[in-house]
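Okay, here's the thing in structure tokens:
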């Protein structure tokens, strides 16, 4: 297992370099950070040249990338155009989005797998049909529609929750945004769980466990569910990074100053250091989540071993 983890970590290095260089190229080569810094006003040529030199923008793109990576390994992600360091922005944004993501993953796992198991065990019946129709509706409705609708109903009309999240973003205020963020993924988890359960419920090992007289609850939880969770775990693992980076719409609706909010502001203002720094961390999150998923395979299925 240890050798496998080391090998996977080494394989992540070229993926990380390629991903970050592509991001760096798209942000810096396809836009002009100095022009964005001055907005609609044309900068003085001498001032623009001095800023380019200070930001290392007067060098070839590959040298800019090497300089940027060297600064990252020192813990320096640069400075945003408002004068605040990107590291400070990360320190305030990532904990908020991490809490929001954990809330979303919790609902995604608990509700999604539960509905999937119930639907898979009753395949073809009214419960199964209802779950399939409900998940199809959830997938079809855009997140911004669901978000504004739930915000209006629960926050404005009924007053059960705050319509917007306070700056501290306490966990209890993130429940509704977490549900909104998780809805589409929850629907996919439900359908994946349902399909996997329905396929494995007639497998030989399930019939053998039932023939031995094991309680139905134990057959489902210890045998059927454990072997059916591999595709679900794969989806959830890759979804962690997607939820953290794709919470722009949800965070905008509920005024959450997290990663999505900072990325939106960075893209809107062409704030290159902010965009590249945040996306670099999200790349690392994606890579570590994929590694964790691979390690969980052996926990779910004892037949899987890593050399």
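Numbering (the UniProt record's numbering), first residue to last: 1 to 307. Glycine included, each C-beta is placed from N, C-alpha and C at the ideal position.
Spatial neighbours of residue i in its chain, beta-carbon cut-off 7 Å, leaving aside the 5 residues before and after
i	result
residue 346	Residue 346 lies beyond the range of the chain shown here (1 to 307); nothing can be said about it.
residue 241	282, 285, 286, 289
residue 239	185
residue 264	248, 252
residue 73	none
Pairwise C-alpha distance: residue j and residue i
i	j	result
residue 92	residue 169	11 Å
residue 191	residue 129	11 Å
residue 113	residue 196	11 Å
residue 293	residue 5	12 Å
residue 25	residue 274	14 Å
residue 47	residue 85	21 Å
residue 59	residue 45	17 Å
residue 53	residue 64	11 Å
residue 16	residue 291	13 Å
residue 229	residue 235	10 Å
residue 202	residue 208	10 Å
residue 225	residue 218	10 Å
residue 71	residue 87	12 Å
residue 257	residue 125	44 Å
residue 215	residue 107	27 Å
residue 62	residue 161	50 Å
residue 127	residue 231	22 Å
residue 3	residue 75	28 Å
residue 139	residue 51	47 Å
residue 57	residue 141	43 Å
residue 308	residue 157	The structure shown does not extend to residue 308, since the chain is modelled only from 1 through 307, so no value can be given for it.
residue 167	residue 270	24 Å
residue 49	residue 77	22 Å
residue 18	residue 211	53 Å
residue 137	residue 7	42 Å
residue 153	residue 173	15 Å
residue 83	residue 117	51 Å
Sub-9 Å separation of residue i and residue j beta-carbons
i	j	result
residue 178	residue 296	no
residue 115	residue 220	no
residue 69	residue 20	yes
residue 280	residue 147	no
residue 143	residue 244	no
residue 287	residue 12	yes
residue 198	residue 237	no
residue 171	residue 99	yes
Beta-carbon proximity list for residue i, same chain, < 8 Å, skipping 5 on both sides
i	result
residue 14	none
residue 233	293, 296, 297, 300
residue 132	119, 191, 194
residue 267	275
residue 9	291
Among the options, nearest to residue i - alpha-carbon criterion
i	options	result
residue 145	183, 260, 167	183
residue 247	262, 236, 233, 61	262
residue 110	186, 161, 250	186
residue 227	244, 211, 194	194
residue 155	199, 171, 175	175
residue 79	167, 158, 258, 278	278
residue 200	123, 74, 51	123
residue 119	189, 239, 171	189
residue 180	105, 235, 95	105
residue 312	57, 49, 94, 73	Absent from the model: residue 312. The displayed extent of the chain is 1 to 307, so no value can be given.
residue 252	151, 83, 141	151
Proximal residues to residue i (C-beta, below 6 Å), its chain only, five neighbours per side dropped
i	result
residue 354	Summary: the structure shown does not reach residue 354, with the chain confined to residues 1 through 307, and so no result is reported for it.
residue 254	164, 165, 177
residue 213	none
residue 159	none
residue 135	187, 190, 191
Residue i Cβ short of 8 Å to the ligand NAP heavy atom set
i	result
residue 80	The model depicted lacks the ligand NAP and carries no ligand whatsoever.
Give the list of continuous beta strand (DSSP E) stretches no shorter than 3 residues that lie fully inside the segment 188-226. none
List, from N- to C-terminal side, the beta strand (DSSP E) runs of 3 residues or more that fit wholly inside the segment 249-298. none
Can you list, in chain order, the stretches of the alpha helix (DSSP H) that have 4 or more residues and sit fully within the segment 104-170? List check, alpha helix (DSSP H) in window: 126-140, 143-150.
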